[in-house]
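Remarks on the structure that follows.
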Amino acid sequence: MLDHTVRLLLGVLKTCSPPPRGRHRLGIRTSPLAAPPPSHTERLDGAASALVRPYVLTPDERHRQRERRRTLYLATLGVDVGPHPHLIHGGAR
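Heads up, the sequence shown is in the working numbering, so the first residue is 406 and it goes up one at a time.
Set out below in structure tokens:
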């Protein structure tokens with residue numbers, strides 16, 4: 406008799422309550438997705454490509470960057486320095 410009562414209560418709850426939402430909802434179980442095919446089938450040759458480190462600057466680039474930062478800092482204080490003060494915002498020389 407207990408089994409019939411439980412079934413009856415579950416049926417009433419299913420019809421009276423909204424369907425569950427979110428991650429833990431009951432429903433159709435789908436099969437897991439198939440793994441994607443590998444993008445590279447051949448091995449990469451490390452000797453064929455040169456190592457590039459964009460953060461490493463040449464001494465000339467370092468000097469220009471330091472001058473530009475100094476000019477920008479002084480511009481925040483209202484001081485225009487350098488031969489071309491209008492080029493401090495990335496203009497070409």
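From the three backbone atoms N, C-alpha and C, an ideal C-beta is built for every residue, glycine too.
Query, Result
"Span separating the alpha-carbon of S436 from that of P443", "21 Å"
"Nearest-angstrom Cβ-Cβ length linking L479 and V486, presumed shorter than 8 Å", "5 Å"
"Between the CA atoms of V457 and D450 - distance to the nearest angstrom", "15 Å"
"Beta-carbon proximity check, Q470 vs L482, cutoff 8 Å", "no"
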